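This report refers to the structure that appears directly beneath it.
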Amino acid sequence: MQKTLVVGASTNPRRYSNTAIRRLVDNNVETTAFGIRGGTVSGVQIKDNLGDFQNIDTVTLYLNPKNQKEYYQQIIDLNPKRVIFNPGTENPEFYKILENAGVEVEVACTLVLLATGQY
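Letter by letter, the sequence shown follows residues 1 to 119 in full-length UniProt numbering.
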């Protein structure tokens, strides 16, 4: 099964990243999570080191563009097939970098993709 990494994960149930983790798990998507604070959501441990992840198919971003910059290379090094830019994370600079690295860029909402069967 293809693995998704939620970047910007939070244990706060009011955060969209938290909802995304729960919905991904509910939809039987193998899910991992990265955030600045550890914790667990729906049995998924939030790790604070991007180097801990392997075999990632999809990265779904919940970081604003300013906070994405320090992770550009680490995300590319994960060699994902696609990166989803959720609302509020749109970043044309990073789109170009990813596309040049051969990574598919999708400007969409993970929650909507899951709800409509397009994930």
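Here a beta-carbon is modelled for each residue, glycine too, at the ideal position from N, C-alpha and C.
Just so it is clear, the structure is predicted and the values come from calculations on it, not from any experiment.
Where residue i falls: helix, strand or coil (DSSP)
i	result
THR116	coil
LYS69	helix
GLN74	helix
LEU5	strand
Rounded C-alpha distance that separates residue i from residue j
i	j	result
LEU78	ALA101	11 Å
LEU113	TYR71	24 Å
GLN74	VAL107	20 Å
GLY51	TYR95	21 Å
GLY39	ASN12	10 Å
PHE53	ILE36	15 Å
Residue i vs residue j beta-carbon contact at 8 Å
i	j	result
VAL103	ILE76	yes
ASP57	PRO80	yes
LEU61	THR89	yes
Contact set for residue i: own chain, Cβ-Cβ below 8 Å, skip 5 residues either direction
i	result
ILE21	VAL6, ALA9, THR31, ALA33, VAL41, SER42 and VAL44
Same chain, Cβ closer than 7 Å to residue i, five either side skipped, listed in chain order
i	result
ASN91	PRO65, GLN68 and PHE85
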